[in-house]
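K.L.:
Quick note: this note's numbering has the sequence shown finishing at residue 611, numbered continuously throughout. Next up is a structure, given as structure tokens.
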Amino acid sequence: MELKRPRNEFPIDDSLDELERLAETAGLQVVGRAVQHLDRINPATLIGKGKLHEIIESRAEMPFDVILFDEELAPNQQREIEQAFEGKDIKVLDRTAIILDIFAQHARTKEGALQVELAQYEYRLPRLTRMWTHLARQTGGAAGRGGTGGVGLRGPGERQLELDRREIRGRIAHLKKQIEEIRKQRGEHRRKRQREGLPVVAIVGYTNAGKSTLLNALTNAGVLVEDKLFATLDPTTRRVKLPSGSEALFTDTVGFIQKLPTELVAAFRATLEEITEADVLLHVLDASHPNLRDQAQAVEETLEEIGANDKPVVMALNKADKIAGGEGRSAQMESPLAARLSFVVTQDEFLREGNAVQISALQGQGLGELLARVERALAEEMIDLRVRIPYSANELAALFHQRGIVEREEFSEKGTLIVGKVAASLVKRFGRYQI
177 MELKRPRNEF PIDDSLDELE RLAETAGLQV VGRAVQHLDR INPATLIGKG
227 KLHEIIESRA EMPFDVILFD EELAPNQQRE IEQAFEGKDI KVLDRTAIIL
277 DIFAQHARTK EGALQVELAQ YEYRLPRLTR MWTHLARQTG GAAGRGGTGG
327 VGLRGPGERQ LELDRREIRG RIAHLKKQIE EIRKQRGEHR RKRQREGLPV
377 VAIVGYTNAG KSTLLNALTN AGVLVEDKLF ATLDPTTRRV KLPSGSEALF
427 TDTVGFIQKL PTELVAAFRA TLEEITEADV LLHVLDASHP NLRDQAQAVE
477 ETLEEIGAND KPVVMALNKA DKIAGGEGRS AQMESPLAAR LSFVVTQDEF
527 LREGNAVQIS ALQGQGLGEL LARVERALAE EMIDLRVRIP YSANELAALF
577 HQRGIVEREE FSEKGTLIVG KVAASLVKRF GRYQI
């Protein structure tokens, strides 16, 4: 079910196509779709009464037991729509609920499971009332029958609701405490990496853009790769050797999606800090997708939401193997003319921005150029350094080669003169030998 789109979101059909993929990923079979253009939403049922009646009537010809909305439903809207089916076993879900369900299926580590569970509880807490309405109806209005002098007594449904709320709030507090511990542990790992002087590159992008495939191609990381939305959820970090011979840490992060639920952004704060603390972001885009620009904008908006929009960015226009003619600015999609023209214009727009590289992670195309571009971006964040290191401290010369960029090196009786760049966190290690 789709409403008229606000600005800066996918076209209606494209958004519904994505919702259908989400449903299929969650294990649902889609049998139909409906669209309504509204200037103003119905506060009771989101959609208009006529459209809701039309959907109810369509069940006779098109049996279904789940209605999935592309908009986030308020608890009362979810309840009112289900009640409109008058006792029929119909489940009403929204985009947030389906994404949370997919995340729950794909969380393979303790950290991921905790974060998803927290997001699910925070989503469900305001929706608990719908579970106990039948008990509230059974108790009736005690005050209305004259036994309490106008003061209503809470029935068993209300008491059960309060107990459930209390239990869930307690569970939420416990989960937040556990996730905070994980956040502290991640902070320690990051500080250790900083002491070692290893720069960090966070791989970001729209879900199914090919981030995990790229990390596997660069490092043989063995990360799960499937043609599904959110196939991988838990972050993976691996060392990558750059063209100069130095190393960097590349971290694969959870994929983004348009209208990413706020519950997930909040719950995944510990994981998303890997992005905010990175030195450079490697933004992977599915260059074969007709909504390339919209997907890129959705990622940029999420980066802004988590405070990572000021990072240096290198763009990887992935899936060149899906484009007729392989690599190159003039490559076109194997699709209708309008899509091809749209693609060429969009891709050229990214390439003109100067920090985009066309690649195929699956075929290994363009990876050398991509790493060179990443290394250049990292170098721009490094500090210029000129040192003379005595031979008795050769381990520092080796560290410069391993963690920095050596632009010039000379040997003399006094030691090794090195001119180049290192990460800001390493400058102090060379302090006494600076010249």
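By construction, the Cβ of each residue, glycine as well, lies at the ideal position given by its N, Cα and C atoms.
What is the DSSP secondary structure of Arg367, counted as helix, strand or coil?
P.N.:
One-based indexing of the sequence shown puts residue 367 at position 191. Three-state result, Arg367: helix.
K.L.:
Does the count of Cβ pairs from the segment 568 to 579 and the segment 384 to 393 closer than 8 angstroms reach three?
P.N.:
Output reads no: the segment 384 to 393 does not touch the segment 568 to 579.
K.L.:
Ends of the alpha helix (DSSP H) at Ile223?
P.N.:
Working through the sequence shown from its first residue, we reach residue 223 at position 47. Segment: none, Ile223 is in no alpha helix (DSSP H) and carries neither H nor E.
K.L.:
Apply the 10 Å Cβ neighbour rule to Leu602 and answer buried if 16 or more other Cβ atoms are within range, or exposed otherwise.
P.N.:
For the purposes of this step, residue 602 is taken as the residue at position 426 of the sequence shown. Leu602 is buried by the Cβ-count criterion.
K.L.:
Looking at C-alpha atoms only, which residue of Arg414, Glu481 and Ala537 is the closest neighbour of Ala463?
P.N.:
Here the question's residue 463 lines up with position 287 in the sequence shown. Here the closest residue by C-alpha is Ala537.
K.L.:
Ends of the alpha helix (DSSP H) at Phe576?
P.N.:
In the sequence shown, residue 576 corresponds to position 400, counting from 1. Its alpha helix (DSSP H) spans residues Asn570 to Arg579.
K.L.:
How many angstroms separate the CA atom of Gly580 from the CA atom of Val490?
P.N.:
Start at 1 with the first residue of the sequence shown, and residue 580 comes out as number 404. Start at 1 with the first residue of the sequence shown, and residue 490 comes out as number 314. Their Cα atoms are separated by approximately 19 angstroms.
K.L.:
Quick one: give me the first and last residue of the alpha helix (DSSP H) that Leu461 is part of.
P.N.:
Translated into positions along the sequence shown, residue 461 becomes position 285. Premise fails: Leu461 lies in the beta strand (DSSP E), Val456 to Asp462, not in any alpha helix (DSSP H).
K.L.:
Please state the DSSP three-state secondary structure of Lys435.
P.N.:
Position 259 of the sequence shown, counting from 1, holds the residue named residue 435. Three-state DSSP puts Lys435 in coil, outside helix and strand.
K.L.:
Pull up the distance between the alpha-carbon of Glu194 and that of Phe279, whole angstroms please.
P.N.:
Residue numbering aside, residue 194 sits at position 18 when the sequence shown is read from its first letter. Residue numbering aside, residue 279 sits at position 103 when the sequence shown is read from its first letter. For Glu194 and Phe279, the distance between alpha carbons rounds to 16 angstroms.
K.L.:
Please work out which residues of its chain come closer than 6 angstroms, Cβ to Cβ, to Asp340, disregarding the five sequence neighbours upstream and downstream, and give them in chain order.
P.N.:
Here residue 340 corresponds to residue number 164 of the sequence shown, with the count starting at 1. Counting only Cβ-Cβ distances below 6 angstroms, and skipping sequence neighbours, we find Leu304.
K.L.:
Let me make sure I understand the geometry here. Which of Leu436, Ala496, Glu450 and Gln253 has the alpha-carbon closest to that of Gln471?
P.N.:
Taking the sequence shown and counting its residues from 1, the one referred to as residue 471 is at position 295. If we check each option's Cα against that of Gln471, Leu436 comes out closest.
K.L.:
Looking at Ala553 and Asn531, is the spacing between their C-beta atoms short of 9 angstroms?
P.N.:
Position 355 of the sequence shown, counting from 1, holds the residue named residue 531. Position 377 of the sequence shown, counting from 1, holds the residue named residue 553. A contact, by the Cβ cut-off of 9 angstroms.
K.L.:
Using only CA atoms, which one of Arg605, Phe261 and Ile611 lies nearest to Ile594?
P.N.:
In the sequence shown, the residue the question calls residue 594 occupies position 418. Taking only the C-alpha atoms, the option nearest Ile594 is Ile611.
K.L.:
Between which two residues does the alpha helix (DSSP H) containing Thr478 stretch?
P.N.:
Locating residue 478 in the sequence shown gives position 302, where the first residue counts as 1. Per DSSP, Thr478 belongs to the alpha helix (DSSP H) from Leu468 to Glu481.
K.L.:
Using 8 angstroms for Cβ pairs, my map puts Val441 next to Glu481. What's the rounded Cβ distance?
P.N.:
Along the sequence shown, one-based indexing puts residue 441 at 265. Along the sequence shown, one-based indexing puts residue 481 at 305. About 6 angstroms; that satisfies the 8 angstroms criterion.
K.L.:
What number of angstroms, rounded off, separates the C-alpha of Ser568 from the C-alpha of Glu287?
P.N.:
Position 392 of the sequence shown, counted from the first residue, corresponds to residue 568. Position 111 of the sequence shown, counted from the first residue, corresponds to residue 287. Between Ser568 and Glu287, the C-alpha separation is close to 44 angstroms.
K.L.:
What did DSSP end up calling Phe444 once you bin it into helix, strand or coil?
P.N.:
On the sequence shown, residue 444 is found 268 positions in, with the first residue counted as 1. Of the three classes helix, strand and coil, the one that applies to Phe444 here is coil, per DSSP.
K.L.:
Taking a contact to mean a Cβ-Cβ separation below 9 angstroms, would you say Lys267 touches Ile243 in this structure?
P.N.:
As a first step, residue 267 must be located in the sequence shown, where it is residue number 91. As a first step, residue 243 must be located in the sequence shown, where it is residue number 67. Going by C-beta atoms, Lys267 is nearer than 9 angstroms to Ile243.
K.L.:
Report the rounded CA-to-CA distance for Asp215 versus Arg345, giving the unit in angstroms.
P.N.:
Translated into positions along the sequence shown, residue 215 becomes position 39. Translated into positions along the sequence shown, residue 345 becomes position 169. Those two C-alpha atoms are separated by around 37 angstroms.
K.L.:
Any idea if Glu450 is buried or exposed, counting beta-carbon neighbours within 10 angstroms, 16 or more meaning buried?
P.N.:
For this step, residue 450 is matched to residue 274 along the sequence shown. Looking at its Cβ environment, which holds 16 or more other Cβ atoms inside 10 Å, Glu450 is buried.
K.L.:
What number of angstroms, rounded off, separates the C-alpha of Asp277 from the C-alpha of Ala202?
P.N.:
In the sequence shown, residue 277 corresponds to position 101, counting from 1. In the sequence shown, residue 202 corresponds to position 26, counting from 1. Those two C-alpha atoms are separated by around 7 angstroms.
K.L.:
Would you give the residue range spanned by the alpha helix (DSSP H) that Asp193 belongs to?
P.N.:
Counting from one through the sequence shown, the residue named residue 193 turns up at place 17. Element bounds for Asp193: Ile188 to Thr201.
K.L.:
Got a sec? Which residues, its chain only, sit under 6 angstroms from Glu684 by beta carbon, not counting five neighbours each side?
P.N.:
In the structure as shown, the chain begins at 177 and stops at 611. Residue 684 is therefore absent and cannot be evaluated.
K.L.:
So, under 8 angstroms CB-CB, Glu423 and Arg415 are touching, yes? Tell me the CB distance rounded to an integer number of Å.
P.N.:
Counting from one through the sequence shown, the residue named residue 423 turns up at place 247. Counting from one through the sequence shown, the residue named residue 415 turns up at place 239. Between Arg415 and Glu423 the Cβ distance is about 5 angstroms, and since that is below 8 angstroms, they are a contact.
K.L.:
Compute the Euclidean distance between the alpha carbons of Ala199 and Ala454, then round it to the nearest angstrom.
P.N.:
Here residue 199 refers to the residue found at position 23 when the sequence shown is read from its first residue. Here residue 454 refers to the residue found at position 278 when the sequence shown is read from its first residue. Cα-Cα distance, rounded: 33 angstroms.
K.L.:
Would you give the residue range spanned by the alpha helix (DSSP H) that Asn494 belongs to?
P.N.:
Within the sequence shown, the letter at position 318 stands for residue 494. From DSSP, Asn494 is part of no alpha helix (DSSP H) but of the beta strand (DSSP E) over Val489 to Asn494.
K.L.:
Which residues in the same chain as Val560 place their Cβ atom closer than 7 angstroms to its Cβ, once the five residues preceding and following it in sequence are excluded?
P.N.:
Locating residue 560 in the sequence shown gives position 384, where the first residue counts as 1. One point to set straight first is that residue 560 is Asp, not Val, in the sequence displayed. So the qualifying residues of the chain are Lys597.
K.L.:
For the segment 257 to 305, list the alpha helix (DSSP H) runs that are entirely contained and at least 4 residues long, ordered along the chain.
P.N.:
Here the runs fully enclosed are 271 to 282 and 286 to 300.
K.L.:
Under 9 angstroms, do Leu492 and Leu458 count as touching if we go by C-beta distance?
P.N.:
The residue labelled residue 492 in the question sits at position 316 within the sequence shown. The residue labelled residue 458 in the question sits at position 282 within the sequence shown. The question names Leu, but residue 492 in the sequence shown is Ala. Cβ distance < 9 angstroms, so Ala492 and Leu458 count as in contact.
K.L.:
Measuring CA to CA, which of Glu476, Arg608 and Met558 is closest to Gln434?
P.N.:
Taking the first residue of the sequence shown as 1, we reach residue 434 at position 258. It is Glu476 whose Cα lies nearest to the Cα of Gln434.
K.L.:
Got a sec? Which residues, its chain only, sit under 6 angstroms from Val563 by beta carbon, not counting five neighbours each side?
P.N.:
For the purposes of this step, residue 563 is identified with residue 387 of the sequence shown, where counting begins at 1. Ile594, Phe606, Tyr609 and Gln610.
K.L.:
With 16 as the cutoff for other CB atoms within 10 Å, does Met238 come out buried or exposed?
P.N.:
Residue mapping note: residue 238 aligns to position 62 of the sequence shown, counting from 1. When all chains shown are included, Met238 counts as exposed.
K.L.:
Buried or exposed for Phe186, please, with buried defined as at least 16 other CB atoms from any protein chain shown within 10 angstroms of its CB.
P.N.:
To locate residue 186, count along the sequence shown from 1; it is residue 10. Result: buried.
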